[in-house]
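Numbering follows the numbering used here, with no gaps: position 68 of the sequence shown is 79. Just so it is clear, CB atoms sit at the ideal spot from N, CA and C, and this is done for glycine as well. These notes concern the structure reproduced below.
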Amino acid sequence: MSQKHQAVAIDGPAASGKSTVAKKLASSLGLVMVNSGAMYRAVTWQILKEGIDPSDQASVVDALNRMTIDCGMSGGLSSIAINGRLLSEELRSQEVNGNVSIVAAIPAVRDCLVAKQRSYLDHNDVVMEGRDIGSVVFPETPFKLYIDASEEVRRARRAKDGEADAVALRDAQDSQRKTAPLKVANGAVVIDSSEMAIDEVVDIAIQTLKKLGWSHS
Ligand code: DC
């Protein structure tokens, strides 16, 4: 990698535990944690707020070109604001869950957000979680993990969080799209978290990164 900063890429299906693992890894290793899914959710939230049909690609792209998207950081975690409004809880709504995969399949949306994701590395070492981080956003990083879990476990995790989220449908849409589908990136180490407590997954992730040559902090 030509940049001086390093990226840990974590991909995996919905509710596989990758966000929690990424947060804990970030605090153990002193990295900024970037939640790339929040960016796709934020654009989806704005599209729905404007009353645009997410499957009307031309209208989505037109709205995207009018939005001001600010990707920042707060307390070591990525943050996102659209047209000056900082978004958080609203990104987990049922409407966003049900439409985000449609918006995330639009190539112009991905191009715009991938550029923002890459720019975090200009100033920070990051752990970034998503669907295409090891395959598209940072294909050159040697530090790639894929966190998996059975569909049953993932559905139960979402229900426990009180969230209505058709994880299987979202995964099917995310894995079958033409542009940057969810897949195990070349060189990624797969960790199945179905039967593990989160701290166990984090320990395995840290050991794996060290084996791969991680030497920061
Ligand atoms: O990680 P998440 O469940 O919050 O992501 C929400 C959606 O965003 C996911 O269903 C697909 C899309 N996404 C994506 O296409 N690429 C990423 N790198 C991250 C998320």
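In the DSSP assignment, what residue or residues form a beta bridge with V148? As DSSP reads the structure, V148 sits in no beta bridge.
Which residues in the same chain have their Cβ closer than 8 Å to the Cβ of S27, if we skip the five residues on either side of it in sequence? Cβ neighbours of S27 within its own chain (closer than 8 Å, five residues either side excluded): I158, D159, A160, R165, S204.
Since V5 is in the alpha helix (DSSP H), which residue starts that stretch and which ends it? No statement about residue 5 is possible, as the shown extent of the chain runs from 12 to 228 and does not include it.
Is the number of C-beta pairs between the region 41–59 and the region 137–150 that are closer than 8 Å three or more? At 8 Å Cβ cutoff, the stretches touch.
Any idea what DSSP makes of M12, helix, strand or coil? Low confidence applies to M12: its pLDDT is 45, below 50, so where it sits in the model is not reliable enough to give any reading.
I'd like the span of the beta strand (DSSP E) that includes V201, first residue to last. Where V201 is concerned, the enclosing beta strand (DSSP E) stretches over 200–203.
Return helix, strand or coil for N8, following the three-state DSSP convention. Outside the displayed span of the chain (12 to 228) sits residue 8, for which this structure offers no information.
Does DSSP put D73 in a helix, in a strand, or in coil? D73 falls in the helix class under three-state DSSP.
What does R96 pair with, by DSSP beta-bridge criteria? According to DSSP, R96 shares a beta bridge with I93.
Between the C-alpha atoms of M12 and S146, what's the straight-line distance to the nearest angstrom? Its pLDDT being 45, under 50, M12 is placed unreliably in this model, and the value from its coordinates should be taken loosely. Their Cα atoms are separated by approximately 15 Å.
Proximity of I93 and A126 at Cβ, strictly below 9 Å: The answer is no: Cβ separation not under 9 Å.
DSSP on L58, reduced to helix/strand/coil? It is Ile, not Leu, that sits at residue 58 in the sequence shown. Helix, per DSSP.
Check the C-beta distance from N110 over to T55 and give it rounded, since I have them as a contact under 8 Å. Between T55 and N110 the Cβ distance is about 5 Å, and since that is below 8 Å, they are a contact.
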